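Undergrad: The structure is given below, and queries will be raised subsequently.
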Amino acid sequence: MEYNFRKIEDDWQKYWAEKQTFKAENNATKPKYYVLDMFPYPSGAGLHVGHPLGYIASDIYARYKRHKGFNVLHPQGYDSFGLPAEQYAIQTGQHPAITTEANIKTYRKQLDQIGFSFDWSREVRTSDPSYYKWTQWIFIQLFESYYCKDANQARSISELEAVFATEGNYRINAACDDNIEIFGADDWKNYSEEQKQKILLKYRLTFLSETEVNWCPALGTVLANDEIVNGVSERGGHTVIRKKMMQWSMRITAYAQRLLDGLAKIDWPQPLKDSQTYWIGRSEGAMVSFNVIASETKQSLPYKIDVFTTRPDTIFGVSFMTLAPEHELVSKITTPEQKEAIETYKKATSKRSELERMADVKTISGVFTGAYAQHPFSGKEVPIWIGDYVLAGYGTGAVMSVPCGDERDYAFAKHFNIEIPNIFEGVDISEEAYTDKENSVIANSDFLNGLPYKKAMKTIIYEIEKRGFGYGKINYRLRDAVFSRQRYWGEPFPVYYKNGMPQMIDKQYLPIVLPEVEKYLPTEDGQPPLGNATTWAWDTNTNTIVSNDKISHPSGDLGGVFSLELNTMPGWAGSSSYFNRYMDSENTEEFVSKEAVNYWQDVDLYIGGSEHATGHLLYSRFWQMFLYDKGVVPVEEYAKKLINQGMITGTSAFVKRVGFTFFNLAGIDFSVKDNENLNLLREEFKVVKDKIISEDLILYLKKTYNLDKTNNKEHIEHMKKREVLINYLINPISQKISELGLIDKILIDDGDLQFFKTHVSVDYVNSNDQLDFERLKKEDILYKEVEFITADSNIFLCSREVEKMSKSKYNVVNPDQICVEYGADSLRMFEMFLGPLEQSKPWKTSGISGVYSFLKKLWKLYIVNDVFSVSDEEPTPEEFKVLHKTIKKVEEDIANFSFNTSVSTFMIAVNELTALKCNKRAILEPLAIIIEPYAPHIAEELWKNLGHSTSISTVEFPVFEPKYLVESRKEYPVSFNGKMRFKIELSLDLGIKEIEDAVLAHEKTQEHLQGRIPKKVIIVHGKIINIVE
RNA sequence: GCAGAAGUGGUGGAAUUGGUAGACACGCUGGACUUAAAAUCCAGUGGGCAGUAAUGCUCGUGCGGGUUCAAGUCCCGCCUUCUGUACCA
C-alpha cells in the first residue's frame, strides 16, 4: 500500500467541499477564533510559491484552533479592483470584469489544490456590486459625519447643522479645513443652501477640495504617495508631476492621535508599528506669527507669516525666514526690485519634478524677497527668503530659520551669507549647527537665558501664548488621504452633482453600478474614463441611472437629472473593511449585522506582507475607528495580532556572453579611417551576441589568466586550453579585423574579459544549475541562433543569484508543478520548512524531497506487510515519550509561529518511531491529529483508515502529559573552563555535593586535572558541570 | 541621511530564560539492493593538525574589545547585506 498522494488529496478536497467541513457558524457555543489572510489581487500571472506562504501558516493556525475547540472563521476573497486588469483592458479591449473573473478561477483552482481550510461560503470580491455597495455605504457615512475634537469621535453632520442654526460655529472644535470663517446663527440662517453646503463640506470626514496631487500623465491618474517609488509610478515607472485638481479626500488626520495611541493596544510587529508611527509623524511645538514689515518705511504690512516650529525655544536665534516658493504671501510681499528674481526662481522650482528635487537635496537655492519680518520678541527685522527646501505641503509652508540649531538653515545661511547668531551656551557653531536639543542650554535669549531645553520650551510657549504671538501645537506629518482616482476599474462614487455641489445617493438605491464604456482610457478632454460612459446620469425622479442626454441643463437643475461623479475610488477603499464583511457576507440589508459583529468582534490573527504597513494597514485602522464611533463595530482596533510573512526570493539563473576590449597598438600609425573602424569594432563586439559560455568555462577563463606561471608544466597545459577557447571566440572577430584592414594595428585584451549576464527562465535549469539548452533553443526564439559553448562534458552551467521573485526576472516558480509531483502536503510542509515565517528566504526546490520522503515514512508507520494496520498493544514508555515530547514542542512552536521547527520535530518523531518499530494505535492516532494542521490530506486518510467515519479536522488535540517526559538520569556534559570535554551519566536524584564528588572521582576528570586542584566546580542541576582550573 | 531587520558548515536553517554550537533537511562521499536506473535502506560529512585506528588536540557563529565559571545569545565600538523612508521645520 503506497502513499498515493494524488488520490488522497483529490478525495479529501472533494470531501471538504461537499461536506462544507470548514463552514463557520455565526452562532455557536464554542469560543470564536478569527484567522485572516490579506486577500490577494487576482493577477493574470496566477499564484507563485511566495503567495501561499502566509496562507499555509494561517491555515495551520486555523486548523490547530479547530482541534483546540474553537469555532474558527477562516475566510478568503479577492481584492479584485485594480490597475493591471484595467491596463490589460486598455491594451486588448477586454472588459476588466471578464479578465478578473478568469483570473479568479485560476486562483481558486490553485488555492484549492493546496488544501486550505477556507470557508468559501463567505467569499467577497471587492469588484462585485453586492460587495462595493457597502464600500459606497461607508463612503456616505463618512460624508455624513464630522470629527468632534471635544468628544474625540466622529459625529453626525446633522448635529453640526443644529449647532450652526442655534449658535453658529464659535464653539465648534472640529477637525476641519484651516480656512473656516467664524459665523453666527443668524449668518447661518441667511446663507443660501449652496453656501451652507460649501461650509459643511469643510467639516465632513470625506470632502471635496482642490489638492495638489501626484499626477501621472502616462497612466492618466492620480497616485497616492505610497504608489510612487523614487519619484516614478510604482507600476510602470512613469513620471509623476504635481498638479492641482478637485479631489475627494478622507480626513484621516482627524484620527492621527488615535491611530498613534491604538498601536499600544495591538500585538503587531514592532517594525510595522514604527513605520506607522513615523508615517503619522507627531511633533510637538508651537505656531508663531511674524508680522511682515515694509522694507523702507519699517511700517507693519497687513500680512502675517505663521510658522510651525518644534524648537520655539530657539526663537531668539532666528536670523531669517524662509517661505516655500508656492507660499501664497510670496507675490504679495515681494519688493519690486526682487520681483524678477523671485518669479524666475518660482518658475524654475515648479518645473523641477519630484525626482529631480529629491536627487539633489544638497544643492542650496533660494531668493530674497526684499521684505522683512519683525521678530515678535526682539522686534528685530529679519529678511524673508524663499527656498525650495521648505515644502508647501507641510506645516504652514513657512519656517522661522534658526541657522545655529538646524542643519538646513545653517547651510542656507552659510550659502547666502546670512548672520548666524549663537544662542547656545558653551557650543561652537563655527563649523556646523548644534542639533542636540536634549543637551542644549539657551543663551543670548533674554528671559530664556540659562534654561535647558525642556524648561525653555515650557517658558517660551507660555510667553508666546501670553503675548498672543501664537500657541503651543501638535503637528502631524500624516496628510489627508486623496480618495479619487481617474480610473475605470474601481468603485464608482454614490455621488451626483447639483449646481456643482456633491449630493449623496440614498442608501436604498445602492449599489451604483459601474457603467459600461467603450474605451477605458481618459477622454480626449482629460476627463476620467467614466467620462466615456453614455449612461451615467442620476435621475432624482426615478432614482435610477439614466442616459447622459437627459441632463436638462448644464448645471443640471431643471429636469432633476444630474451628472454622476466621474472618478472612482482608490485601491484601498475595498480593502479597508472587508474583514468585517466576512462576518456576515451574505447580508443584503446591513453591512454587518449586530449579532454577527458582536459574536466575531475582531480578527484574532492577521497574516500578510509588510509592504502594506503604511497603506492598507493604516487606512483600515482609520475606517475601523470611524465605524466604531458610529456604533457599527464594537472594537476600535480590528486585528489583535498581526504577523508579517517574509518574502520568498527566487533564485534567478543567468547565462553569460563575453565581450572584448580593443586597443590600438602603441607606435602604430593610425588613420582617421582606422579610428572609425576601431569604433565600429568596439561597438559590434562589445558583446559577442551569438555565443553563450558555460559558467565553468567562465570561471576557468578568469582563473587561468592569473595562474601561477612558475609551475611551468601545468601553466602551459592550461594556456593551451585557454588559447583554444579564446581563439574560438575571437575567430569571427579576427575575420572582421582583417576585413577592416586593422591587422597588426590593434590589440585584443583577453585578460580583462567582460562578461554580460542575461536572465534565463528558471524552467530550463535544474537544481544543479544545468541548463537544458537544447530545449531552450527549440522553445525560445531569442536563443534559436545562439551557440552554447560548454566544456567537454556537454553540460552547460548557469550562474545563479537570489533576487525578488518576479516575472521580469524569469525566476517565478509556480506551486502547481510541485503539487503534481509531490502533492499539496509536501508543498505545505516544505514551505514551512524553508525557514522562519517572518524572514525573507530564497526558494530552492532541492530540499523538497526531504519532506516528501518524510511523508512516505510517516505513512509507512501505519502499514504492516503492505496492509494498513495498527496494533492495540500498550505503548512502551519510550514510545509515549516520543509522542509527548512532540506534542509539547509542536504546541510551543505553533504559539511562537515557528512552523519550520515543528516540521523538524515531526521528522524527528517519525524517525524515532520508525527506529522503535512502533505500530501502536495509542501513539499513531494522536500523531495523525497533531500533524493534521500541517499535512491535512494524509492525516484525514490515516484517520479514516484508523476506522473513523468523520473528518479529523475537529478532533480534540492530544493533551500533553509531562509525566511521560520525567527522566531519572541525565548525561551531564563536563566542561573544563567552559570547554566541553566528556559526558558523565548520573542520577537526577543526586544533590550538588554528590554530583561534584562523582565528577571529581571520575577517571577522565583526574586525567584532565593531572593532579591539579580545581579552583571551583560549577554545577547547574540537570544541565551542566563546569570545572574551573 | 534616518528607521528597522539580518549576518552561524558547501546550502536552507536549529540552538525558547547566557549552559554540550551546527538539531532537522538538502547536497556530497562510500556501501547494500538492481542487468541498469529510479526508489529504498545503511554509514560518514564544520575547518586544521596528529595518529594505522579508536581517539586526541586546536580553531570556529561578520570584525575588534568587554562582562562572566560559561557568550551565537548580554554590553561597547565598527563592517557588510537587505527592507522601508526621503529636505517634516
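In this text, residue positions in the first sequence follow my numbering: the first is 17, and each later residue adds one.
We treat Cβ as the ideally placed atom computed from N, Cα and C, and that holds for glycine.
The model shown is predicted, which means the values in this text are computed figures rather than measured ones.
1) Report the start-end ranges of each alpha helix (DSSP H) in the stretch 930-994 that is 4 residues or longer and not cut off at the edges.
2) Taking the alpha carbon of THR1021 as the point to measure from, which residue in PHE812, ILE1000, LYS1009, LEU1004 has its own alpha carbon closest?
3) Tell me which residues share the same chain as TYR319 and place their Cβ nearer than 7 Å to its Cβ, disregarding the 5 neighbours each side in the sequence.
4) Nearest to ALA73 by CA position, among LEU537, LYS773, PRO952, VAL704, is which residue?
5) Which first and last residues belong to the alpha helix (DSSP H) in which TRP875 is found?
6) Can you check whether the CB of PHE485 is closer than 9 Å to the CB of PRO392?
7) Look at the Cβ atom of LEU962, then the Cβ atom of ALA944, and state whether they are nearer than 9 Å.
8) Excluding the 5 residues preceding and the 5 following SER984 in the sequence, name in chain order all residues of the same chain whose CB lies nearer than 7 Å to its CB.
9) For a quick check, are the C-beta atoms of GLN92 and GLU507 less than 9 Å apart?
10) Take LEU763 and list the residues in its own chain whose beta-carbon comes closer than 8 Å to its own, dropping the five residues that flank it on each side.
11) Assign PHE849 to one of two classes, buried (16 or more other C-beta atoms within 10 Å of its C-beta) or exposed (fewer than that).
12) Looking at the unbroken alpha helix (DSSP H) that takes in THR182, where does it start and where does it end?
13) Compare the C-alpha of PHE55 against each of ASN743, TYR49, TYR71 and name the closest.
14) Just to confirm, are PHE642 and LEU221 a CB contact at a threshold of 9 Å?
15) With burial defined as no fewer than 16 other Cβ atoms inside 10 Å of the residue's Cβ, what is the status of TYR878: buried or exposed?
16) Are VAL418 and ILE439 touching if we call contact CB-CB under 9 Å?
17) So does the stretch 26-34 actually touch the stretch 122-134, counting three or more Cβ pairs closer than 8 Å?
18) Which class does LEU317 belong to by DSSP, given the choice of helix, strand or coil?
19) Since VAL238 contacts SER591 with CB under 8 Å, what's their CB separation in whole angstroms?
20) Cβ of SER914 within 9 Å of Cβ of PRO989?
21) Could you work out which residue in ASN20, HIS67, TRP264 is closest to MET585 when comparing CA atoms only?
22) Could you tell me the distance, in whole angstroms, from the CA atom of TYR207 to the CA atom of PHE638?
23) Of the choices LYS986, TYR492, ASP404, ILE321, whose alpha-carbon is the least far from that of TYR361?
24) If we require 3 or more residues per run, which beta strand (DSSP E) segments fall completely within the stretch 41-86?
25) Which residue comes first and which comes last in the alpha helix (DSSP H) that contains TYR207?
26) For SER920, count neighbouring C-beta atoms within 10 Å of its own C-beta (all shown protein chains included) and say buried if the count is 16 or more, exposed if not.
27) Using the DSSP secondary-structure output, state which residues sit across from LYS999 in a beta bridge.
28) For CYS232, which three-state DSSP category applies?
29) Could you work out which residue in ASP95, GLN103, ALA105 is closest to TYR123 when comparing CA atoms only?
30) On the three-state DSSP scale, how would you describe ASP322?
31) Check whether the stretch 474-494 touches the stretch 287-307, counting contact only when three or more Cβ pairs, one atom from each stretch, lie closer than 8 Å.
32) Alpha carbon to alpha carbon, how far is PRO437 from LYS471? Give it in angstroms, no decimals.
33) What are the boundary residues of the beta strand (DSSP E) that GLN110 is part of?
34) Per DSSP, what kind of secondary structure is TYR123 in: helix, strand or coil?
35) Are three or more beta carbon pairs between the stretch 285-295 and the stretch 625-633 nearer than 8 Å?
36) With a threshold of 6 Å on Cβ separation, who are the neighbours of PHE38 within its own chain once the five nearest residues in sequence on each side are excluded?
TA: According to the structure data:
1) Every alpha helix (DSSP H) of 4 residues or more that sits fully in the stretch 930-994 is shown, in chain order, as 937-947, 952-961.
2) Checking every option, the nearest Cα to that of THR1021 belongs to ILE1000.
3) The answer, listed in chain order, is VAL308, LEU345, LYS348, ILE349.
4) Considering only alpha carbons, the answer is PRO952.
5) Looking at the DSSP string, the run of the alpha helix (DSSP H) that includes TRP875 is 864-877.
6) Yes, the pair counts as a contact, with Cβ atoms nearer than the cut-off.
7) Yes, the pair counts as a contact, with Cβ atoms nearer than the cut-off.
8) Its chain contains SER1003, LEU1004 as the residues whose beta carbon lies nearer than 7 Å to that of SER984, once the 5 sequence neighbours on both sides are disregarded; these appear in chain order.
9) Going by C-beta atoms, GLN92 is not nearer than 9 Å to GLU507.
10) So the qualifying residues of the chain are PHE678, PHE679, ASN680, LEU681.
11) Flag for PHE849 reads buried.
12) For THR182, the enclosing alpha helix (DSSP H) starts and ends at 173-183.
13) The shortest C-alpha separation from PHE55 is found at TYR71.
14) Yes; because the gap between Cβ atoms is below 9 Å, this pair is in contact.
15) Buried is the call here.
16) Yes, Cβ-Cβ distance for VAL418 and ILE439 is below 9 Å.
17) Between the stretch 26-34 and the stretch 122-134 there are three or more inter-stretch CB-CB distances shorter than 8 Å, so the stretches are counted as touching.
18) Three-state result, LEU317: strand.
19) Contact annotation, VAL238 with SER591: C-beta distance approximately 18 Å; criterion of less than 8 Å not satisfied.
20) Contact flag unset, no.
21) Checked all of ASN20, HIS67, TRP264; the closest Cα to MET585 is TRP264.
22) C-alpha separation (whole angstroms): 33 Å.
23) The shortest C-alpha separation from TYR361 is found at ASP404.
24) The DSSP assignment places complete beta strand (DSSP E) segments of no fewer than 3 residues inside the stretch 41-86 at 48-53, in order along the chain.
25) Taken as a continuous stretch (DSSP letters only), TYR207 belongs to no alpha helix (DSSP H), as it is neither H nor E.
26) By the neighbour-count rule (16 or more Cβ atoms within 10 Å), SER920 is not buried but exposed.
27) Partner(s): PRO989.
28) Of the three classes helix, strand and coil, the one that applies to CYS232 here is strand, per DSSP.
29) Nearest to TYR123 by C-alpha distance, out of ASP95, GLN103, ALA105, is ASP95.
30) Strand.
31) These segments touch.
32) Distance between the alpha carbons of LYS471 and PRO437: 21 Å.
33) Looking at the DSSP string, GLN110 is not in any beta strand (DSSP E), and its letter there is neither H nor E.
34) If DSSP states are grouped into helix, strand and coil, TYR123 belongs with the helices.
35) With a cut-off of 8 Å, the stretch 625-633 and the stretch 285-295 count as touching, because enough Cβ pairs lie within range.
36) Counting only Cβ-Cβ distances below 6 Å, and skipping sequence neighbours, we find SER133, ASP135.
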